[in-house]
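Residue numbers (the UniProt record's numbering): 1 to 898. The C-beta atom is built at its ideal place from N, Cα and C for all residues, glycine as well. This one's a predicted model, so the numbers in the text were calculated from it and none came from an experiment.
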């Protein structure tokens, strides 16, 4: 149906001086075994008539090609590349001279043949696959070709298609426009669907390449539709897309990039989104079409609507178009290959020809005008006098190609027409959005792409919610979360929070903050870590300062009480020298709290090193000396009557100062070897949660250095505790050892609890000072509080005893070298009571309060046991004296000679 090749001439004249070839899909692809199918009204006849209309304009314009006319030789490609190649050979065949010796006249002369047709160029083709086939042949004969619809990127290769040009931009720019639209709408994960063939496959390839160059856009899957799909092929396609959607975990919305030739043969790239499997329910899409916003060529509309069977006999396919358009039959027409439903009426009269301009009409006109202007420029160069000179008969194809690439004019729709070095037109695209609901609607312009995207967001509609539907593989990560890309799919990732002290350095990596910084709340940067300073008014300093103040007040009160009652028996019996030293040590322990709370500096840090352990060393040295003296006296008394060495007050002070002086010497050496300084310790205040992190302003004394300062004092404390345990067997009448033991046991408990608390909190200064204040309060309360109570509340118990009648006793010198005053014998001669074995002293004066309860403060003589070197003769006291003794002994309890 329809002739395979027809020569059409645009009058006048019938043939024209120069001929332009034309390739149009007048008929669609036929079924198997048939080259051509039904006629294509819009894509075929409209475009063919557009070429004829453009030739009429050129031949009627005296300013273009004066004294020259253009004719046309138009071929039907039937939308098939192989068939179009066969038809294109007709262009080449007309240029070849007949072989020599082919035929002769009766008289023997060679036959007279018309001159070969002057084919100077070809307009077409429509499909890229057809243009590729034809361009390979035309290049061999240097015939320029201008296409009005072929957009395959491979046609831009000048090495293979050097004589090919086009007034439409290639798919590479078309793909760039679609990538720009996708990125502008926030779509980063799309699938591509292409029809089999040059247009679809090249378009998808250009889209993928453009998306890689632009970045931020990934292809979920690429699907190709066969040229002749079998039944159920599209259902399988939808199923594959749904599998991709599930496997890739698309968030919401599925955008498909379509490079497809539709049933009618239309090639229009489309961005389609919706819910997979339900595209029939009002899908929405963007379409990118060639051209620019503006008015279509109105002259063609008037021309086409005026065509009729009488005035359009040059188009031999027009009668077929007429029958198809009006659903009628002309007389003497060929039978229809596909019978119409119902009776077919006869075509009569001259009805009005309905018309809606096809999208590529303006590009057909622009292609003809570009070829005409190039010929005009070449003719002006080769034939200055006008007309067809020998240099233009025929024109050189290479020189004509140079003039084609140099044209630049305003086309039929008002858009500029020009070519680059590869023969491509600049990219100019209109962007339309389908707007409507319930299956009805229309495409409305929403933007333009001219070497860049200009999108009118306010002109778009997005359904009920009014927001752009997303099409992403993964949602954007939250603040402080890095992207861990999925292998092989850069647009898909997993979000991982920058944990700990790390911040988001870039979208793909986290970095640790410097030691003095911590991450912000959203973990996008680092901020300074607050510095924790123990100030005088802070709650953490209030408790230590309160304890220290109370302790110093109590210590001063005890010291003043002892000084005021310096000569009383209780003060004397407690060992005045060591008692004062112990009080000074306790005061130093309380005073160190003020140094620890003060803001660290060089001077404060130096004072801390000197006095941190000095007060405790002095206190425990005094207690150790006192406990050791008691223990040695009793142990020596078990073995010999000779008193132990170094039990005098002077010796006791020397020992005490020697033990505590070791602490002072070590601290002084430390100051000389390593001068002190203050620093901010960020590791000390580093917590699992950065929000709780603090830098601690402290001296250059870490936990180890602090314990080193206290090591000597703690060693003295442990040694004192050991001696307190050993002295626990002292008779109950010597009650000074037991309070010391209780004090040391309590102190050990305090320091055992100190360790875990000290290493488990940020503000270690408060913990240390409270522990030291508690350890100083223990001896102050257990050793001094009872004495002060007796001195102030019961002064009658702190009176010296009255003189007693002399007693005739003989005894050896006292092991304590005390004055030999005649005491009351504690036994009745001639035998000592069993509870008082020989050589066992009954009272000790000067032992720190170790005096017999209700007894004398004098050392008793040795009783007259067998083997004893002394004898005692007690003189009975008168009743009044005995009563007085009983009263006096009660009042002198807990006293010791001093």
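In the DSSP secondary-structure assignment, residue 189 is bridged to 218. Below 8 Å, enough C-beta pairs join the segment 621-631 and the segment 722-729 to call them touching: three or more. Going by beta carbons, residue 72 and residue 89 fall outside the 8 Å limit. If you look at residue 431, you'll find it in the beta strand (DSSP E) that goes 428-437. Uninterrupted beta strand (DSSP E) stretches at least 3 residues long and entirely within the segment 676-746 occur at 678-681, 695-699, given in chain order. Here the segment 643-654 does not lie against the segment 685-704, with fewer than 3 beta-carbon pairs under 8 Å apart. By the criterion of at least three beta-carbon pairs nearer than 8 Å, the segment 474-481 is not in contact with the segment 173-180. Three or more beta-carbon pairs drawn from the segment 42-58 and the segment 363-371 are found closer than 8 Å, and the two stretches are therefore classed as touching. Of the candidates 565, 655, 666, 559, 666 places its Cα closest to the Cα of residue 612.
Under the DSSP assignment, residue 408 falls in the beta strand (DSSP E) whose first and last residues are 408-410.
Ranked by Cα distance from residue 193, the first of 201, 674, 180 is 201. A Cβ-Cβ distance of about 12 Å is found for the pair residue 593 and residue 767, leaving them out of contact under the 8 Å criterion. Residue environment for residue 798: buried (at least 16 other C-beta atoms within 10 angstroms of its C-beta).
In summary, residue 234 is exposed, with fewer than 16 beta-carbon neighbours lying within 10 Å of its beta-carbon over all protein chains present. Non-local C-beta neighbours of residue 149 in its own chain, meaning closer than 7 Å and more than five positions away in sequence, comprise 126, 168, 360, 363, ordered along the chain.
With the rule of 3 Cβ pairs closer than 8 Å, the segment 581-596 counts as touching the segment 604-620. Each of 704, 67, 31 was checked against the Cα of residue 389, and the nearest Cα belongs to 67. For the segment 362-386, there is no continuous beta strand (DSSP E) assignment of 3+ residues that stays within its boundaries. Taking all protein chains shown into account, residue 677 has fewer than 16 neighbouring C-beta atoms within 10 Å of its C-beta and is therefore exposed. Excluding sequence positions up to five before and after residue 660, its CB lies within less than 6 Å of the CB of 617, 618, 621, all in the same chain and listed in chain order. Apart from the 5 residues on each side of it in sequence, residue 323 sits with its Cβ closer than 7 Å to the Cβ of 329, 330, 333, 347 in its chain, given in chain order. Distances from the CA of residue 41 to each of 437, 525, 420, 357 were compared; the closest alpha carbon is that of 357. Per DSSP, residue 87 is one residue of the alpha helix (DSSP H) stretching across 81-93.
Taking all protein chains in view, the Cβ of residue 747 is crowded by 16 or more other Cβ atoms within 10 Å, so the residue is classified as buried. With the rule of 3 Cβ pairs closer than 8 Å, the segment 525-536 does not count as touching the segment 553-568. The DSSP-derived three-state label of residue 421 is coil.
Counted as a single uninterrupted DSSP element, the beta strand (DSSP E) harbouring residue 504 occupies residues 502-506.
Looking at 224, 93, 258, 392, the one whose alpha-carbon comes closest to that of residue 21 is 93. By the Cβ rule, the segment 511-518 does not count as touching the segment 483-493, because fewer than three pairs are nearer than 8 Å. Considering only 47, 417, 580, 303, the residue with the shortest C-alpha distance to residue 317 is 47.
Residue 697 holds the alpha-carbon nearest to the alpha-carbon of residue 596 among 697, 530, 520, 526. Take the alpha-carbon of residue 463 and the one of residue 186: they are about 17 Å apart. In this structure, residue 204 sits away from residue 255, with a CB-CB distance that is not shorter than 8 Å. By the beta-carbon neighbour count (other beta carbons within 10 angstroms, threshold 16), residue 793 is exposed. DSSP places residue 176 inside the alpha helix (DSSP H), whose first and last residues are 171-184. Annotation: the continuous beta strand (DSSP E) that includes residue 496 extends over 489-497.
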